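Numbering (full-length UniProt numbering), first residue to last: 1 to 203.
We put the CB at the ideal spot given by N, CA and C, even for glycine.
A quick note: this is a predicted structure, and the numbers were derived from the prediction, not measured.
Okay, so here's the structure we're looking at.
Put into structure tokens, the structure is as follows:
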């Protein structure tokens, strides 16, 4: 389970002979806590952005499906009108042969009406096509936005957290090993001062 800022703050270390300077260790841990809190906050913000973008994509997918269904319905309606017009035209021709003048006038009236209906259907199809085109362009613009670049950097942030945590653990382990092997000997009680180079290494 990943460490939390509270885990770092409450961490207690075993005191050893000639160990770390407690104030310096506490100061370093405070800085680690601050940096870790910033990273966790940025992680949460990225997760919120991902959630928002996922919801947007779901909305756009639903809208796309609705438009596609509307286009199909319009096409089917236009085809139905065309078939009906053809059938009616055949009937009109037969009837016209029997009663030429009257039927011809009625045929012209119906033909004009059908032409208007077909023209209206063409206009509606054009409107649906333009709306669908705008939807696709909006989706492409969203895919080109900077939010996707921020999302692609998300894994890099997690790697930096893991590297930072590993460095801290390695330094603490090396310091404990150095104290146990070099600065305390129970048999000869040999005591010596820490050189400037060794002090820099520990800090």
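Item	Value
Assuming residue 125 contacts residue 85 (C-beta within less than 8 Å), just tell me the rounded distance between them.	That pair is no contact at about 17 Å.
Does residue 187 come out as helix, strand or coil in the three-state DSSP assignment?	At residue 187, the pLDDT of 44 sits below 50, so the modelled position is not reliable and the matter cannot be decided from this model.
Per DSSP, what kind of secondary structure is residue 166 in: helix, strand or coil?	helix
May I ask which residues mark the beginning and end of the alpha helix (DSSP H) holding residue 113?	100-143
Nearest-angstrom Cα distance between residue 134 and residue 115?	29 Å
Would residue 88 and residue 132 qualify as a contact pair, given that the criterion is a beta-carbon distance under 9 Å?	no
Are the Cβ atoms of residue 81 and residue 121 separated by less than 9 Å?	yes
Just checking my contact of residue 139 with residue 60 at CB under 8 Å: how many whole Å lie between their CB atoms?	6 Å
For residue 95, I'd like the list of residues in its chain whose CB is within less than 8 Å of its CB, leaving aside the five on either flank, ordered along the chain.	103
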